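S.K.: Here's a structure for you.
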Amino acid sequence: MTSAGRFAPSPSGELHVGNLRTAMLAWLFARSTGRDFLLRVEDLDRARAGAEEVQLRDLEAVGVTWDGAVVRQTDRAGLYNDAIKQLTDAGLTYECFCTRREIQDAPSAPHAPQGAYPGTCRNLSTAELEIRRASRPAAIRLRSETHEWTVEDRLHGPYTGVVDDFVLRRNDGVTAYNLAVVVDDAEQGVDQVVRGDDLLSSTPRQAYLASLLGLAVPEYAHVPLVLNRDGARLAKRDGAVTLGDLAAVGLSAGEVRDVILESLGLPGGPLGEALDRFDPARLPCGPWIWNGIQQSTLRKGA
Numbered sequence: 000m001t002s003a004g005r006f007a008p009s010p011s012g013e014l015h016v017g018n019l020r021t022a023m024l025a026w027l028f029a030r031s032t033g034r035d036f037l038l039r040v041e042d043l044d045r046a047r048a049g050a051e052e053v054q055l056r057d058l059e060a061v062g063v064t065w066d067g068a069v070v071r072q073t074d075r076a077g078l079y080n081d082a083i084k085q086l087t088d089a090g091l092t093y094e095c096f097c098t099r100r101e102i103q104d105a106p107s108a109p110h111a112p113q114g115a116y117p118g119t120c121r122n123l124s125t126a127e128l129e130i131r132r133a134s135r136p137a138a139i140r141l142r143s144e145t146h147e148w149t150v151e152d153r154l155h156g157p158y159t160g161v162v163d164d165f166v167l168r169r170n171d172g173v174t175a176y177n178l179a180v181v182v183d184d185a186e187q188g189v190d191q192v193v194r195g196d197d198l199l200s201s202t203p204r205q206a207y208l209a210s211l212l213g214l215a216v217p218e219y220a221h222v223p224l225v226l227n228r229d230g231a232r233l234a235k236r237d238g239a240v241t242l243g244d245l246a247a248v249g250l251s252a253g254e255v256r257d258v259i260l261e262s263l264g265l266p267g268g269p270l271g272e273a274l275d276r277f278d279p280a281r282l283p284c285g286p287w288i289w290n291g292i293q294q295s296t297l298r299k300g301a
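Shown next as structure tokens:
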């Protein structure tokens, strides 16, 4: 199977400049290493009508192209079910009936961060299971056999994170992200994952799960986010941050692409021309602060 990188947006709305910057970086990482580049739509539970079409259009507008057909998670339930069955047959899953409030209110183990699952349903008896099944549907959790796992990241180096009994399938029947992304990457031959560094903390869970399923762990590179003036993660409420909004104030997709490339220390122009200058070791280490339209218009000389 051909090695590949990928970009995997959730079709919950338009992509903003932070999403586009990560997509461009994922493309540059993949193309600079001779990999294919795939696009996967992670539409399990956050799809908005028409959002996928707009996202694909905007990616193409800034030069992000992909190989093969677009893959959608909603078409892949069989793969996820097979993975959960494999884990269940190995005694590595259990039913959980806890609400979010119950998890928040329960005392955590000394080694676990706030919000980690405390194991409330881990060892329920047969009688207790029958009682709880009558009151609410169950989620399926991993019966983890470790408390932490270490991954190697291209930009961050070794990173060790907590691994708890995380959810594999929610109680509404929707496959959880941590399982779906592991199964998808392995099945598609993705051996390089470039994404925002806000997802670094969940990566040890995914790498551990891959090891349990006998799947190869990809090479990871978690890139800095784009933040607003207040140092918070960029969002649509921060003003003109999507291609559509920026076009309305006079900036073309090519000009937005050039501003993003400049933030990475790369020359503007078609994305392919940046490949010769692309070097992961020279990427900015910190987040990019988006100062709004004023910063972008400087690029135009306005």
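Numbering (numbering that gives the first Met the number 0), first residue to last: 0 to 301.
For every residue, glycine included, the Cβ atom is placed at its ideal position computed from N, Cα and C.
Predicted model only: the values in this text are computed from it and were never measured.
Who are the Cβ neighbours of S200 in its own chain at under 6 Å, not counting the five residues just before and after it?
M.R.: If we look at S200 and ignore the five residues flanking it on each side, its Cβ neighbours are G160.
S.K.: Could you give the residue range of the alpha helix (DSSP H) that holds Q85?
M.R.: Taken as a continuous stretch (DSSP letters only), the alpha helix (DSSP H) holding Q85 covers A76 to D88.
S.K.: What is the residue span of the beta strand (DSSP E) that T92 lies within?
M.R.: Looking at the DSSP string, the run of the beta strand (DSSP E) that includes T92 is T92 to C95.
S.K.: Pick helix, strand or coil for V222, following the three-state DSSP scheme.
M.R.: Looking at V222 - three-state DSSP - the assignment turns out to be strand.
S.K.: Smallest Cα separation from A50: which of T241, G285 and G271?
M.R.: The shortest C-alpha separation from A50 is found at T241.
S.K.: Give the range of the alpha helix (DSSP H) segment to which F28 is assigned.
M.R.: Looking at the DSSP string, the run of the alpha helix (DSSP H) that includes F28 is V16 to S31.
S.K.: Looking at T174: is its Cβ nearer than 8 Å to the Cβ of Y79?
M.R.: Cβ distance < 8 Å, so T174 and Y79 count as in contact.
S.K.: Over what stretch of residues does the beta strand (DSSP E) that includes T1 continue unbroken?
M.R.: From DSSP, T1 is part of no beta strand (DSSP E); its letter is neither H nor E.
S.K.: Counting C-beta neighbours from all protein chains within 10 Å, is the total for I259 16 or more, i.e. buried, or is it exposed?
M.R.: Counting Cβ neighbours within 10 Å, I259 comes out buried, since at least 16 surround it.
S.K.: Can you tell me whether DSSP reads R298 as helix, strand or coil?
M.R.: Per-residue confidence for R298 stands at a pLDDT of 49, beneath the threshold of 50, marking its modelled position as unreliable; no derived number is given.
S.K.: Could you please give me the residues that DSSP links to V40 through a beta bridge?
M.R.: For V40, which the question treats as bridged, DSSP gives the partners R71.
S.K.: Could you tell me whether the Cβ atoms of F28 and A220 are closer together than 8 Å?
M.R.: Yes. Within cutoff.
S.K.: If you compare alpha carbons, which of E254, F277, E52 and D35 is closest to L268?
M.R.: For the sequence presented, residue 268 should be read as Gly rather than Leu. It is E254.
S.K.: With a Cβ-Cβ cutoff of 8 Å, do A179 and Q72 count as a contact?
M.R.: Yes, they are a contact pair.
S.K.: Pull up the distance between the alpha-carbon of D74 and that of Y176, whole angstroms please.
M.R.: Each residue's Cα considered, the two are about 15 Å apart.
S.K.: My parser needs the beta strand (DSSP E) runs of 3 or more residues fully inside the stretch 136-181; what are they?
M.R.: Whole beta strand (DSSP E) segments, 3+ residues: 138-141, 147-152, 156-161 and 166-168.
S.K.: Have a look at the DSSP bridge pairing and note the partners of W65.
M.R.: Partner(s): none; W65 has no beta bridge.
S.K.: With DSSP run on the structure shown, which of helix, strand or coil describes V248?
M.R.: In this structure, V248 counts as coil in the three-state DSSP scheme.
S.K.: Let's see if you can read the secondary structure: which residues bound the alpha helix (DSSP H) around R99?
M.R.: R99 -> alpha helix (DSSP H) spans R99 to D104.
S.K.: For the alpha helix (DSSP H) containing R56, list its first residue and its last residue.
M.R.: Element bounds for R56: A50 to A60.
S.K.: Which first and last residues belong to the beta strand (DSSP E) in which R236 is found?
M.R.: Looking at the DSSP string, R236 is not in any beta strand (DSSP E), and its letter there is neither H nor E.
S.K.: Under the assumption that V313 contacts W289 (Cβ atoms under 8 Å), give the Cβ distance between them as a whole number of angstroms.
M.R.: With the chain represented from 0 up to 301, any question about residue 313 goes unanswered, as that position is not in the structure.
S.K.: Which residues in the same chain have their Cβ closer than 6 Å to the Cβ of Y207, if we skip the five residues on either side of it in sequence?
M.R.: Result list for Y207: W148 and V162, in chain order.
S.K.: What does DSSP give as the partner residue(s) for F6 in the beta ladder?
M.R.: Answer by DSSP bridge pairing, in chain order: L38.
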